[in-house]
Amino acid sequence: MKHTILTFTLLLLLSVTEVTATPPLSYFESTDNFDPVIPTPSQFLGYEIGSRITEHSRINAYLEKLASVSDKTSLIEIGRTHENRKMYILIVSSPKNIINLQTIKVERKKARSAINPGTPLIVFLGNTVHGNEISSSEAAMLAAYYLVASRSTKVNHQLEEGIYFIEPVRNPDGQERFASWINSNVSINVYNTSPFDREHTEAWPGSRGNHYWFDLNRDWINMIHPESRARVALYQDWIPHVQADHHEMGTNNTFFFEPTDPDGNESKLIPSSNYKLNGLFAGYFAKALNKIGAFYYTKESFDNKNPNFGSTYPDYNGGLGILFEQASSRGLRQQSENGILTLPYTIRNQLVTTLATIEAAVDHKSDLFALQQEFFTPPVVKKGEVTYYIIGDKYDRSRLLRFIKLLLDHRLEVYENPNDLSIDSTHFEKGKSYLIPVSQANSALTKIIFDEHKQYDGVEKLSYGAGFSVALSTGLKYGKSNLQSRGRRVETIPSVDLPTLQQSDYAYIVDFRDSNSQQLLFRLLDNDLLVKAATKPFSIQTTVGLHEFSYGSLLIPVQSQKITSTELHQLLKLIGKEEQVAIIPVSGGLSISGVDLGSNSFRNIEKPKVLLLTGGDISSTEAGEVWHLFDQQLKYPLTRVNDVQFRRVPIYEYNRIVLVSGSYKFLDKQSLEELQSWVKNGGTLITLNEGTRWAVSNQFTGIQLKTDKTDAPQGNTQTYRKLPTSVFQTRINMKHPVAYGLTSDKLPVIRENSVCIVPGSATSVSIYTNSPLLNGYSSTEFQELLEGSTSIAVFKLGRGSLIHFAENPLFRGNWDGTTRTFINSIVVGNFPHEFSKLIY
67 MKHTILTFTL LLLLSVTEVT ATPPLSYFES TDNFDPVIPT PSQFLGYEIG SRITEHSRIN
127 AYLEKLASVS DKTSLIEIGR THENRKMYIL IVSSPKNIIN LQTIKVERKK ARSAINPGTP
187 LIVFLGNTVH GNEISSSEAA MLAAYYLVAS RSTKVNHQLE EGIYFIEPVR NPDGQERFAS
247 WINSNVSINV YNTSPFDREH TEAWPGSRGN HYWFDLNRDW INMIHPESRA RVALYQDWIP
307 HVQADHHEMG TNNTFFFEPT DPDGNESKLI PSSNYKLNGL FAGYFAKALN KIGAFYYTKE
367 SFDNKNPNFG STYPDYNGGL GILFEQASSR GLRQQSENGI LTLPYTIRNQ LVTTLATIEA
427 AVDHKSDLFA LQQEFFTPPV VKKGEVTYYI IGDKYDRSRL LRFIKLLLDH RLEVYENPND
487 LSIDSTHFEK GKSYLIPVSQ ANSALTKIIF DEHKQYDGVE KLSYGAGFSV ALSTGLKYGK
547 SNLQSRGRRV ETIPSVDLPT LQQSDYAYIV DFRDSNSQQL LFRLLDNDLL VKAATKPFSI
607 QTTVGLHEFS YGSLLIPVQS QKITSTELHQ LLKLIGKEEQ VAIIPVSGGL SISGVDLGSN
667 SFRNIEKPKV LLLTGGDISS TEAGEVWHLF DQQLKYPLTR VNDVQFRRVP IYEYNRIVLV
727 SGSYKFLDKQ SLEELQSWVK NGGTLITLNE GTRWAVSNQF TGIQLKTDKT DAPQGNTQTY
787 RKLPTSVFQT RINMKHPVAY GLTSDKLPVI RENSVCIVPG SATSVSIYTN SPLLNGYSST
847 EFQELLEGST SIAVFKLGRG SLIHFAENPL FRGNWDGTTR TFINSIVVGN FPHEFSKLIY
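Numbered by the numbering used here, the letters in the sequence shown go through residues 67 to 906 in order.
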């Protein structure tokens, strides 16, 4: 018991500057009433919390120990990370509630239609979604110990009233990477508090992101990664009343808790009662921090609109999301403007606000149930108002079903479209389109996924983003309707019924408009098959009838392969089934219309050998998006080369090089000359986002950028270079190889930068339309700058090509439409210039 008290005392002892005399443990109701059977974190781990970074595996082990010795707990594994780490949630409540968890879970699943205030509160306590923000994961072990071991009347009441889901680490791969860095770089005998010391300056790519360097706190809606998919599934099963989201920020700050800045950062889709509760909870956090003398602030910053955050996703799901930001020591101790910032001090602040969250939730239990009752009451749609969003695609079933699955994973209502119809000149076919009701239990999440809000002022309030439409990210056709009828409700994704592939001794054809045909193509190339792409459309009689094929359709000859006809048939049957793509056999090459199969309009697709530059000042998130695409979606090899290694790499062994955002200062004159020679000799260099600015700045390309800084929004050069995340409309030349497979010439793109390519300085594959803003923010001046500028440019240099994207087409791994253009740049970006002429 004495050791127990000392564990918590350690956290109170350490202030920002020095260790002081032992203060009272007054923020606990009972400081000496802990169950001695329950081991403290320090007893279990063998060291005091805050004296080193606890590895994720050891945090998990402590949770396992608590679960094995207490009937107040239930330990669940919700999933595994990319690196196969277990994602644990420790559920803590009264023994009675723990026994009845499954019954309570069933009741919670009814919450969207029938609120039962007699059930316990559900509180999610989330920590360390950014791998190097570790004070809260350390505090989570102490909070778990406190709830499990305390025998006080206050805690027993809290356990009876609520069920607490403690997730100590939301990014296990990143957290383990950070723990390894700090523990292997910390000085053993002497603290080095310099912010420039190796302990406090991680090597590239750092550990903020997950295995693929993604920011998981931008993935709650998109669910690209297994961590997010598991977490959202748990969330939707329980629909918590409160979710705490603990982070860290810059070392020279103090401590932030909500409310956020109310001016421009509160969503009109969220009930005002939600934001009122933020204010009520703030009093509890202030009281807890006042008691221990910790400084803090509120209302000045941070976003409360973007649904992709752990502190805002709850707001769009009937819960109260709360953001906490603690100044980070980024190690054990670091010099700050407020003195020496210690890890134990940061842990203490996270701990007391965690416990204050529980206290506030219990005190406002009735308010939280009332919030969900209000939130899940479907809004009344008046006569003539929009009743449904409709979304579909005649050709790209794979992309359409991915989006429908995402809606179902968020437990939104989706219905079949029972009729063919046209909306604003866009045709939607029965069976190939779906209806999503505007008025449903979770109308707020529905409306933000189909967000069309536009804003032309207040950019200083929008640093975290302004455009949130997931529907636009798909590139699918969608519209709004006041229909009164709908088809069957969609509960599960319909299976793809592929015909049995019959053997051909002549050729096979794949319609490239289905998104899954992209990974199928890479599978074919990885098996060293000869594959051609159609540079012109054609129609041909197949074994399943007359079929029309568009630009980019894949032709797989039989006789020209290195394997036999039978072996080819078996391989295609396997790959087609695994990728869920129809492969169509043909018995002859004479077309009904368009080019014949023996035409030179079918060009061989070169097997890509792709190199990605990494390290240095290169954007790790953008590099991670390229890596993730190749590894997870395309399942195709990608060579990642760090800046210090580039000079030693034989680049002529590669035919594609990708440059994401970065200044590439490590490329000296000799390297630049070698790279340019590589392009002239047939290589394809692809630049994304600020990588395109680099190419122009180093006179590596013939394209030009619009650089008039007087057109910067509000005259702010920094704002001009870094814009709030917003969505804009472009028109793309569907005859160009970079556009192969797209089903519409309207291509929404997302951008956070100001790169504007001058049209006419190269082949413009796509251009910005007039008044291009679709969703988010743009000043009138910047929108005028964008109008008519080039989104994707192809510049021919010798026998090679430079393909320049003004934006990041792989943004957060979920922009299906623009991802296709990047993949096309890899596989057919080297096609001759005659196929690159812009015709609108």
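Ideal placement from N, C-alpha and C gives every residue a C-beta, glycine not left out.
All values derive from a computational prediction rather than experimental measurement.
Option nearest residue i by Cα separation, candidates the options
i: PRO186; options: HIS307, LYS176, SER218 and GLY654; result: HIS307
i: ASN340; options: LYS357, TYR363 and ASP433; result: ASP433
i: LEU474; options: VAL652, VAL824, PRO445 and ALA299; result: ALA299
i: ASN548; options: LEU612, ALA133, ALA209 and ASP490; result: ASP490
i: LEU596; options: ALA215, LEU634, LYS543 and GLY749; result: LEU634
i: ALA532; options: ILE515, THR540 and TYR211; result: ILE515
i: THR184; options: GLU847, VAL452, ARG174 and TYR379; result: Note that residue 184 is Gly in the sequence shown, not Thr. The candidate whose alpha carbon is nearest that of GLY184 is ARG174.
i: SER686; options: SER273, ALA127 and LEU621; result: SER273
i: ASP662; options: SER619, ALA648 and ILE641; result: SER619
i: GLU850; options: ASN582, TYR522, ILE769 and GLY197; result: TYR522
i: GLY145; options: ALA177, TYR128 and ARG297; result: ARG297
i: PRO380; options: ASP239, LEU191 and ASN318; result: LEU191
i: SER136; options: ALA127, SER160 and MET153; result: SER160
i: VAL158; options: ALA206, ASP239, ILE232 and ILE769; result: ILE232
First through last residue of the beta strand (DSSP E) which encompasses residue i
i: SER605; result: 604-608
i: ILE200; result: Unbroken run through ILE200: none, as it is neither H nor E.
i: THR139; result: 139-146
i: LEU355; result: Looking at the DSSP string, LEU355 is not in any beta strand (DSSP E); the run it does join, the alpha helix (DSSP H), is 338-357.
i: PRO444; result: Premise fails: PRO444 is in no beta strand (DSSP E) and is neither H nor E.
i: GLU614; result: 611-615
i: VAL831; result: 829-843
i: HIS313; result: 308-315
Identity of the residues DSSP links to residue i by a beta bridge
i: THR492; result: ILE489
i: GLU482; result: TYR500
i: LYS543; result: GLY458
i: THR796; result: LEU813 and TYR834
i: GLN521; result: TYR843
Segment limits, alpha helix (DSSP H) that includes residue i
i: THR885; result: 882-894
i: THR846; result: 846-852
i: ALA761; result: 756-763
i: ILE515; result: 509-515
i: VAL745; result: 735-746
i: TYR301; result: 292-304
i: GLU233; result: GLU233 -> not in any alpha helix (DSSP H); beta strand (DSSP E) instead, spanning 228-233.
i: GLY387; result: Note, GLY387: premise wrong, no alpha helix (DSSP H); beta strand (DSSP E) at 386-393.
i: PHE280; result: Unbroken run through PHE280: none, as it is neither H nor E.
i: SER657; result: Segment: none, SER657 is in no alpha helix (DSSP H) and carries neither H nor E.
Length of the line joining the Cα atoms of residue i and residue j
i: LEU637; j: GLN625; result: 15 Å
i: GLU114; j: VAL710; result: 39 Å
i: SER509; j: ASP459; result: 24 Å
i: LEU808; j: GLU691; result: 21 Å
i: THR907; j: GLU204; result: Within the shown structure, residues of the chain are numbered from 67 to 906, placing residue 907 beyond reach of any answer.
i: SER333; j: LEU839; result: 20 Å
i: SER499; j: ILE456; result: 7 Å
i: GLY781; j: LYS772; result: Bear in mind that a pLDDT of 38 at GLY781, under 50, signals an unreliable position, so the number given afterwards is only what the model happens to contain. Approximately 15 Å between the Cα atoms of the pair.
i: ILE629; j: TRP744; result: 33 Å
i: ASN249; j: GLY112; result: 15 Å
i: PHE441; j: VAL504; result: 14 Å
i: ASN485; j: HIS493; result: 11 Å
i: ILE188; j: LYS353; result: 23 Å
i: GLU314; j: SER140; result: 28 Å
i: HIS694; j: PHE578; result: 22 Å
i: GLN438; j: SER581; result: 38 Å
i: LEU741; j: TRP304; result: 54 Å
Can you confirm whether the stretch 232-244 touches the stretch 314-334 when touching is taken to mean that 3 or more C-beta pairs between the two stretches lie within less than 8 Å? Counting C-beta pairs with one atom in each stretch, the stretch 314-334 and the stretch 232-244 have fewer than three that are closer than 8 Å, which means they do not touch.
Indicate whether the contact test is met: 3 or more Cβ pairs, each with one atom in the stretch 480-489 and one in the stretch 550-566, closer than 8 Å. With the rule of 3 Cβ pairs closer than 8 Å, the stretch 480-489 counts as touching the stretch 550-566.
At least 3 beta-carbon pairs within less than 8 Å: the stretch 422-430 vs the stretch 222-233: A contact between stretches requires three or more CB pairs, one per stretch, nearer than 8 Å, and the stretch 422-430 meets this requirement with the stretch 222-233.
Contact between the stretch 817-831 and the stretch 737-757 (3+ Cβ pairs under 8 Å): Here the stretch 817-831 lies against the stretch 737-757, with 3 or more beta-carbon pairs under 8 Å apart.
Just checking, does the stretch 122-133 make contact with the stretch 206-226 on the three C-beta pairs under 8 Å criterion? In the pairwise beta carbon analysis, the stretch 122-133 is classified as touching the stretch 206-226: at least three pairs are separated by under 8 Å.
Touch check for the stretch 558-573 and the stretch 647-654: three-plus C-beta pairs under 8 Å? Yes, the stretch 558-573 is in contact with the stretch 647-654.
Could you say if the stretch 665-678 and the stretch 261-269 meet the contact criterion of at least three C-beta pairs nearer than 8 Å? The stretch 665-678 vs the stretch 261-269: no contact.
For the structure I just gave you, are there three or more beta carbon pairs, one from the stretch 271-288 and one from the stretch 390-400, closer than 8 Å? Contact fails: fewer than three Cβ-Cβ distances are below 8 Å.
Spell out a yes or no on whether the stretch 810-819 and the stretch 787-799 are touching, meaning 3 or more CB-CB pairs, one atom from each, closer than 8 Å. The stretch 810-819 vs the stretch 787-799: in contact.
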